[in-house]
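Asker:
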Amino acid sequence: MTPIAPIFTAHLFPTLDRLLEEVLRSLAPEDWERPTLAPLWRVKDLAAHLLDGNLRALSMLRDGYFGEKAPEIHSYADLVQFLNQLNADWVRAFRRVSPAVLVDWLVESGKSFQTLVAALPPFDQAAFSVAWAGEETSLNWFHIAREYTEKWHHQQQIRQAVGQELPLYASDLYQPYLATSMRALPHHYSRIEAEEGSLIEVTVPGDSGGTWCLQKGKTAWSLWEGSPVRPPQCQILLPPSLAWRLFTK
1291 MTPIAPIFTA HLFPTLDRLL EEVLRSLAPE DWERPTLAPL WRVKDLAAHL
1341 LDGNLRALSM LRDGYFGEKA PEIHSYADLV QFLNQLNADW VRAFRRVSPA
1391 VLVDWLVESG KSFQTLVAAL PPFDQAAFSV AWAGEETSLN WFHIAREYTE
1441 KWHHQQQIRQ AVGQELPLYA SDLYQPYLAT SMRALPHHYS RIEAEEGSLI
1491 EVTVPGDSGG TWCLQKGKTA WSLWEGSPVR PPQCQILLPP SLAWRLFTK
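Residues in the sequence shown are numbered consecutively from 1291, following the numbering used here.
1. Is Pro1466 closer than 8 Å to Thr1299 when the C-beta atoms are compared?
2. Please report the straight-line C-alpha distance between Val1333 and Pro1389, rounded to a whole angstrom.
3. Out of curiosity, what's the CA-to-CA distance linking Asp1307 and Ala1328?
4. Looking at C-alpha atoms only, which residue of His1301, Gln1375, Leu1348 and Leu1396 is the closest neighbour of Lys1359?
5. Using only CA atoms, which one of Trp1380, Arg1352, Glu1485 and Pro1522 lies nearest to Ser1402?
6. Can you give the Cα-Cα distance for Asp1462 and Pro1296, rounded to whole angstroms?
7. What number of angstroms, rounded off, separates the C-alpha of Ala1378 from the C-alpha of Arg1346?
8. So what's Ala1506 in DSSP terms, helix, strand or just coil?
9. Note down, one range per segment and in chain order, each beta strand (DSSP E) of at least 3 residues found wholly within the segment 1318-1382.
10. Does the structure place the segment 1490-1502 close enough to the segment 1514-1532 that three or more beta carbon pairs sit under 8 Å?
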């Protein structure tokens, strides 16, 4: 067991975006209408959602323009509901845009997004916290890694729908996704009672996976990398094809 370290992902976006362009340009017209693991969204809807992510990030973080103001947010559930409505509105509007236009805009906006995240000082405070990990404030490296998980899993949802999942399981792409997603475990286990020192081992096997441990302290759980120093109270084994689907519900 070793302490968890920052996860740097800004350099991975050019590869991830190139793979997205490749898979989208390979699709037949009927592929764009295939259903996906995302409820209510087809392949084209997910591509539109990824474009929204690029443009929204550029507008807010580069240009300081935040557009629609959120109503009063009193909880994480309120935030999720607001964001879900924004996402639904955007996707509905983009159903009138052709796949070719959508891919062209994804490519161009992706280049600007890559420049944006590469310029963010990794240890400065981020404009937005990573709320799903229980943080009220976050550093840029974690915010960027969160954006990486967003782009990775939505592209994989597209790939799952069209039978082209394998490229994103490459270790240099999948392992950072897993390591970032694991950061949410202490928050989600915060209400789980256990004796101090209790250990939970989580393993995703294979070259692109890894092992992480949750350890119960006096008041909270903490996350560690690597195998536990003693037999854990619980061992969880997640196949690579299942792990990302579990983390994205």
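A virtual CB, placed ideally from N, CA and C, is assigned to each residue, including glycine. Bear in mind the structure is a predicted one, so any value in this text is a computation, not a measurement.
Answerer: For this structure:
1. Taking C-beta atoms as the reference points, Thr1299 and Pro1466 count as a pair closer than 8 Å.
2. 10 Å
3. In this structure, the alpha-carbon of Asp1307 lies about 20 Å from that of Ala1328.
4. For the residues His1301, Gln1375, Leu1348 and Leu1396, the minimum Cα distance to Lys1359 belongs to Gln1375.
5. Arg1352
6. 15 Å
7. 14 Å
8. Residue 1506 is actually Lys in this sequence, not Ala. In this structure, Lys1506 counts as strand in the three-state DSSP scheme.
9. Runs found: none.
10. yes
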